[in-house]
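To start, the structure under review is shown below, and the notes come after it.
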Amino acid sequence: MNELVFFINNVIITGSVSGSIYAIGAVGVTLVFSIMRFAHFAHADMMTFGAFMVLLLTLAFPGAGGAVGLPTAVVMLPLAILLTAALAVGIDRAFYKPLRAHGVKPIVMVIASLGVTLMLQGLIRLFAGTGGQRLYIDDRKEIFRLALPFEGARAPIVVTEPQIILFILTIVCVVSLHLFLSRSRLGKAMRAMSDNPDLARASGINTNLIVAVTWMIAGGLAAIAGTLLSLDVTFKPDLSFFLLLPIFAAAIVGGVGHPYGAIAGGFVVGFAETLAVFNWGVLLRPFRDSLPEWLAQAGSLSFVGTEYKIVVPFVLLVAILVWRPTGLFKGKVIT
Amino acid sequence: MASMIDVRHVHKAFGGLKVIDDCSIAVEQGSITGLIGPNGAGKSTLFNIIAGALPLDSGQVLLDGEDITNRPANELFHKGLLRTFQIAHEFHQLTALENLMMVPPAQAGENLFDAWLKPGRVRAQEAEVRRKALEVIDFIGLYHVRNELAGNLSGGQKKLLELGRSMMTDARVVLLDEIAAGVNRTLLGDLVANIERLNREMGYTFLVIEHDMDMIARLCDPVIVLAQGRVMVQGSIEEIQNDPAVIEAYFGSNVA
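Those sequence lines, one after another, are chains F and X. If you read the first sequence in this note's numbering, its first letter stands for residue 17, the second for the next number, and so on. If you read the second sequence in this note's numbering, its first letter stands for residue 17, the second for the next number, and so on.
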């Protein structure tokens, strides 16, 4: 029984946490791709920026969360979402729009976004320093231990407050994104533009507005994912390096330009990571007596060591590109 | 009569290639003006410039007296200038009906806030748009495929959808880029009849690029002949057909 709890804590919960964060990030990447047709490498840094804004706001008003019974960082999140959305639109106006006006090839945009990555990281380092910082400043991270009502289950299921908030916000994001894309006029215009920008313009759709809205959504989602990740662990200026690859892997696994695919891809990558580093020996322990000796005495039965976790999305990415180049769902346009 | 579209001394070069070279044309209000010329004459480029899809190098484009030089296509759409594409464009992930429903301008839901603040109005308008789209799709003879994804339609059906799109809104000028190419003869008859009806009853002005001379002869007056980026001749179809310079440009000097 304790082994099962161990599995839930280390695979189900951990996998859902990274899956949610990758999913929210990958949706932004995929939306930007489907509207502007380039891979936006600075996306993970917009996540860091969002978390950084939360850090600044939390430092400025450390007591604000206590008044409503939530962590201050979460209370500051809506403001950070707005700021990051504004940053995304601003970056587009300053760097990407002039390039688009010249009709450059997508690869030029990709390189430009790498430049933006370095610039954002530099800026964040300049103000936040290079070390890790906790987003819990005046409050304490709540940890919930749920004891299982079974005989012999001594270890509880452990889930933290930011993890619960993350799960709730992920569901809210996914549902509202779905409603936005399928119901609202603007969402439909967005789908139309991702399908055929020339025709969209000739049908009277203001494509500049669509581009701006896309950046706002991408920026807002990035702020949510970045903040919740920083809450779960700590805020670091180079957070993006650990996020960039899994997020792009998730977007590609799901089918680039496919928001629902990106969500699925996020969870696939998240669970692949946790399942790969999980010590399967733990689950075999109850059957120790009936197993062959070599298996019973193996110390760790994980696929790869924890230090190689970052390799997993890579392997998954290569596998998907070889066997299903368009992703699990067929990608390219928002459907 | 007043000019609906006035193109004045427009130049456009791609690299060193002068595609449009000091071209001036006028499309009169209420006319169906044909634009013909050999391949590479600059017809589609001129179209794209008028429709706001290509920036011009120098010159001026007027719509009903208003300067629309280098305005984006979506703005021109709301001023009543519509275009179809030579290679039919469609939102291929939307159904034929939804394609038409994408079109109408000034829908309440277009504005970010109206959709939330006035859901009732948006819904009423959506219903109205849907009714109109059904009417149009019946008119262009695609009613039976209205719920098919537009990407799965045949080339000719996509062309009809292009014309249908221009019927969804109150246009002033419609630019038709080879609307007849790939459409079968019987369908073509309907198409011509529809264009004439829109012109007569709704007062649409048309500028038509066409390679099909029968269709030009039935539909267009006047006809403008473009060659090497400038106007060669302009006149009625009889005048054009008997003009030696046009015959030479089209068929080479040893014919006729």
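The beta-carbon is built from N, C-alpha and C at its ideal position, and this holds for glycine as well.
According to the DSSP secondary-structure assignment, X:E82 is paired through a beta bridge with X:L79. With respect to chain X, the C-beta atom of F:D248 has no partner C-beta closer than 8 Å. Residue environment for F:L134: exposed (fewer than 16 other C-beta atoms within 10 angstroms of its C-beta). When 8 Å is used as the limit between beta carbons, X:V119 is near these residues of chain F: S219, G220, in chain order.
When CB distances to chain F are screened at a threshold of 9 Å, the residues of the segment 73 to 104 of chain X falling below it are P88, A89, N90, E91, L92, F93, H94, L98, R99, T100, F101, in chain order.
Its Cα nearest to that of F:L260, the residue F:I40 stands out among F:F319, F:A104, F:I40.
X:V224 sits in a strand when the DSSP states are folded into three classes. Judged by DSSP secondary structure, F:H59 falls within the alpha helix (DSSP H) whose first and last residues are 59 to 76. Restricting attention to alpha helix (DSSP H) runs no shorter than 4 residues, the segment 143 to 214 of chain X encloses them at 171 to 183, ordered along the chain. Boundaries of the alpha helix (DSSP H) around F:Q179: 177 to 199.
Taken in chain order, the complete alpha helix (DSSP H) segments of 4 residues or longer contained in the segment 257 to 337 of chain F are 275 to 293, 297 to 300, 309 to 313.
Proximity of X:F107 to chain F, defined by a Cβ-Cβ separation below 8 Å, is satisfied. For X:A69, the chain F residues whose C-beta falls within less than 9 Å of its own C-beta are D214, R217, A218, listed in chain order. X:F101 carries a coil assignment under DSSP once its states are collapsed to helix, strand and coil. No residue range can be given for F:Q149, since it is assigned to no beta strand (DSSP E) and is classified by DSSP as neither H nor E. In the assembly as shown, F:A239 is a buried residue. Its beta-carbon has 16 or more other beta-carbons within 10 Å. For X:T49, no alpha helix (DSSP H) run applies; the uninterrupted beta strand (DSSP E) run containing it begins and ends at 48 to 52, by DSSP. Residues T111, A112, L113, L150, I153 of the same chain have their beta carbon placed closer than 8 Å to that of X:R162, with the five preceding and five following residues left out of the count. For X:R246, no Cβ of chain F is located within less than 8 Å of the residue's own Cβ. Check the Cα spacing between F:R301 and each of F:V229, F:S316, F:F345: the tightest is with F:S316.
Taking C-beta separations shorter than 7 Å and ignoring five residues to either side along the sequence, the partners of X:P88 in its chain run G68, following chain order. A straight-line Cα-Cα distance of about 30 Å links F:H118 and X:L51. With a threshold of 8 Å between beta carbons, F:D108 makes no contact with chain X.
At a cut-off of 8 Å between C-beta atoms, X:R181 counts as an interface residue with respect to chain F. For X:S74 and F:N222, the gap between their C-alpha atoms comes out near 25 Å. For X:Q250, the enclosing beta strand (DSSP E) stretches over residues 246 to 251. A direct Cα-Cα distance of roughly 40 Å separates F:G44 from X:G198. A residue is called buried when at least 16 other Cβ atoms come within 10 angstroms of its Cβ; F:V48 meets this threshold and is buried.
A check of alpha carbon separations from X:P71 across X:N86, X:M183, X:E255, X:L79 identifies X:N86 as the nearest. Under DSSP, X:I21 takes part in a beta bridge, and its partners are X:V43, X:L79. Between the C-alpha atoms of F:L73 and F:M92 there is a straight-line separation of about 6 Å. For X:I232 against X:V241, the beta-carbon gap comes to about 11 Å, at or over 8 Å, which does not count as contact. For F:L344, no alpha helix (DSSP H) segment is defined, and its DSSP state is neither H nor E. Straight across, the Cα-Cα distance linking F:L71 with F:L247 is about 10 Å. The beta carbon of F:T250 is closer than 7 Å to those of G148, Q149, R150 in its chain, skipping five residues each way along the sequence.
Straight-line measurement puts the Cα of F:T186 at about 17 Å from the Cα of F:L86.
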